[in-house]
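So the structure is just underneath, and the comments pick up after that.
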Amino acid sequence: MPFETDSFDTLPSRLGRRDFLKLAGLGLLGAALPVFGLRNAPVPTGFQGRVAFERTALYAKPSFSSKRLAGLWRDEGFPIDAVVVGDDKPDYNRLWYHVPRRGYVHSGGVQPVQVRLNKPQSIPDGGALAEVTVPYTDGYGEPARIRAPRYRLYYATTHWVVRLVQGQDGEMWYQIEDDKWKNFFYYAPARHLRLVQPADVAPLSPEVPLSEKLLRVNLTRQIVTAYEGGRAVFAARAATGMGYYSTPVGRFSTYHKRPYRHMAAGNRAAPEFDLPGVPWVCYITESGISFHGTYWHNDFGKPRSHGCINLSPTAALWVYRWTTPVVPFGEQYAYKKRYGTPVEVHR
5 MPFETDSFDT LPSRLGRRDF LKLAGLGLLG AALPVFGLRN APVPTGFQGR
55 VAFERTALYA KPSFSSKRLA GLWRDEGFPI DAVVVGDDKP DYNRLWYHVP
105 RRGYVHSGGV QPVQVRLNKP QSIPDGGALA EVTVPYTDGY GEPARIRAPR
155 YRLYYATTHW VVRLVQGQDG EMWYQIEDDK WKNFFYYAPA RHLRLVQPAD
205 VAPLSPEVPL SEKLLRVNLT RQIVTAYEGG RAVFAARAAT GMGYYSTPVG
255 RFSTYHKRPY RHMAAGNRAA PEFDLPGVPW VCYITESGIS FHGTYWHNDF
305 GKPRSHGCIN LSPTAALWVY RWTTPVVPFG EQYAYKKRYG TPVEVHR
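Just so you know, we're using our numbering here: the sequence shown kicks off at 5 and counts up by one.
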């Protein structure tokens, strides 16, 4: 399963012992901590954090009321060796990360990441989908680090790669085609991206009829739940629209899907944004409301978007694979008006 340790939000409505152990094995134990009354849990080797907010801070204890030890700035990275349940504030997200020998940082402003380097691969005609597997990499206007980068590409983001090229220094680069701006390309080191494989995006529960699948979005609880034949099979914390940009209530369907999207002004990901590589997008309205993965925060359980339903990349991929229509492997989108998995958004 891709992105094994990049979120702690996925939690079925009922957890048996096997489900609990499965979550623990996937690095998702943090979601279960409050449920099972545990106070902390170790995390997989190689687990790291990247500051996703402009700034956050380290504290002596997993509490905002404890002594503030040091500031952390955007894109700063650090190892994490445990997930801890803090005090009652904020009540919607009590998870903290322990940074060895430095203190505790609240999970909301930290993207969980890993470093996984990849062997460069040839690209088929028409291009291929790739995901970033390092905390971040930079996209340049040419296959060299000689000018300022055009974009910073973050862990778990997805991009459309059209060519493998060799730089003058011998390093291999992927040419990425931007989907927001016409004829706009940038290059990123090939070892920092992994080509997505068919198994990564294979449909989930394809044998279940469309009429028996349902996604419910609870705006009050900020939870997305998937049902098959009336039985809950998946749930994840979300961050929906805030204030004037509240996510609309009603019945919809996932009629338009894309495995990646560059969201900028005019889209509905966040109040102020220019976000390349937003992963696993499932649109439910023509105005751009969608389920999608999120890398600019890890603070689920509270409204904070421009109308979209923010999910962790792991949860967004699950929704993408489970819903209809299916985007054929090697294609960039699927659009079937009035045909898609039913969605109910309610308060």
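Positions of the beta carbon are idealized from the N, C-alpha and C atoms, including for glycine.
Cα-Cα separation between residue i and residue j, rounded to whole angstroms
i, j, result
"TYR339", "ARG156", "29 Å"
"HIS350", "ILE227", "11 Å"
"TYR101", "ARG342", "43 Å"
"LEU321", "VAL212", "18 Å"
"GLU348", "PHE238", "15 Å"
"ALA64", "VAL103", "10 Å"
"THR162", "HIS296", "11 Å"
"GLN179", "GLY143", "9 Å"
"GLU235", "SER215", "The sequence given here places Arg at residue 235; Glu does not occur at that position. Looking at the two C-alpha atoms, the distance is approximately 13 Å."
"LYS93", "SER69", "9 Å"
"LYS184", "ARG105", "43 Å"
"TYR158", "ALA86", "23 Å"
"GLN125", "ALA152", "26 Å"
"MET5", "HIS301", "No answer about MET5 holds up, because its pLDDT of 26 lies below 50 and its placement is not dependable."
"GLU335", "GLY145", "25 Å"
"ALA269", "TYR96", "28 Å"
"LEU62", "VAL114", "11 Å"
"PHE188", "ARG225", "40 Å"
"PRO210", "GLU232", "11 Å"
"GLU58", "PHE277", "13 Å"
"THR141", "PHE256", "36 Å"
"VAL205", "LYS186", "27 Å"
Proximity of residue i and residue j at Cβ, strictly below 8 Å
i, j, result
"GLY112", "LEU73", "no"
"ASP79", "ARG120", "no"
"PRO139", "GLY81", "yes"
"ALA240", "LEU133", "no"
"TYR264", "ALA160", "no"
"VAL2", "GLY131", "Residue 2 lies beyond the range of the chain shown here (5 to 351); nothing can be said about it."
"THR251", "LEU223", "yes"
"LEU199", "THR137", "no"
"GLY245", "PRO307", "yes"
"PRO147", "GLY174", "no"
"THR328", "GLY305", "no"
"PHE333", "PRO202", "yes"
"ILE84", "GLN52", "yes"
"ARG167", "ASN122", "no"
Assumed close pair residue i, residue j - CB separation to whole angstroms, cut-off 8 Å
i, j, result
"TYR337", "ARG262", "5 Å"
"THR318", "CYS286", "Contact flag wrong, Cβ pair sits at about 15 Å."
"TYR324", "TRP284", "4 Å"
"VAL312", "SER291", "Looking at the sequence itself, residue 312 is Cys, so the reference to Val does not match. Their Cβ separation, rounded to whole angstroms, is 10 Å, which puts CYS312 and SER291 out of contact at 8 Å."
"ASP182", "HIS266", "6 Å"
"ALA230", "TRP326", "6 Å"
"THR49", "VAL109", "Contact doesn't hold; Cβ gap of about 19 Å is too wide."
"VAL282", "PRO207", "Their Cβ separation, rounded to whole angstroms, is 21 Å, which puts VAL282 and PRO207 out of contact at 8 Å."
"VAL88", "PRO66", "5 Å"
Chain B contact for residue i (CB, 8 Å cutoff)
i, result
"ASP173", "Checking the listed chains, one finds no chain B in this structure; it contains a single protein chain."
Burial state of residue i, where buried means 16 or more other Cβ atoms lie within 10 Å
i, result
"GLU135", "buried"
"VAL253", "exposed"
"SER309", "buried"
"ILE288", "buried"
"ARG98", "buried"
"MET56", "First, the residue type needs correcting, since residue 56 is Ala and not Met in the sequence shown. Flag for ALA56 reads buried."
"ALA192", "buried"
"PHE40", "Because the pLDDT of PHE40 is 36, which lies under 50, any placement of that residue in the model is unreliable, and the number read from its coordinates should be weighed accordingly. PHE40 should be labelled exposed."
"GLY75", "exposed"
"ASP303", "buried"
"ILE150", "exposed"
"TRP77", "exposed"
"TRP177", "buried"
"ARG154", "buried"
"LYS71", "exposed"
"LYS217", "buried"
Residue i beta carbon near the ligand HEM (any heavy atom closer than 7 Å)
i, result
"ARG351", "This structure lacks the ligand HEM, and indeed carries no ligand of any kind."
Q) Which parts of the region 222-265 are runs of the alpha helix (DSSP H), unbroken and 4 residues or longer, counting only runs that do not cross its ends? A) Taking only runs of at least 4 residues, no alpha helix (DSSP H) segment lies wholly in the region 222-265.
Q. Which residue spans inside the region 133-161 form an unbroken alpha helix (DSSP H) run of at least 4?
A. DSSP runs (the alpha helix (DSSP H)) wholly in the region 133-161: none.
(Q) My parser needs the beta strand (DSSP E) runs of 3 or more residues fully inside the region 312-340; what are they? (A) Fully enclosed beta strand (DSSP E) runs of 3 or longer: 313-315.
(Q) In chain order, what are the residue ranges of uninterrupted beta strand (DSSP E) at least 3 long that sit wholly in the region 180-208? (A) Runs of the beta strand (DSSP E) lying entirely within the region 180-208 and spanning at least 3 residues, in chain order: 189-193 and 197-199.
**Q.** Completely contained beta strand (DSSP E) runs for the region 58-98, where each covers 3 or more residues
**A.** Fully enclosed beta strand (DSSP E) runs of 3 or longer: 59-63, 72-77, 81-83 and 86-89.
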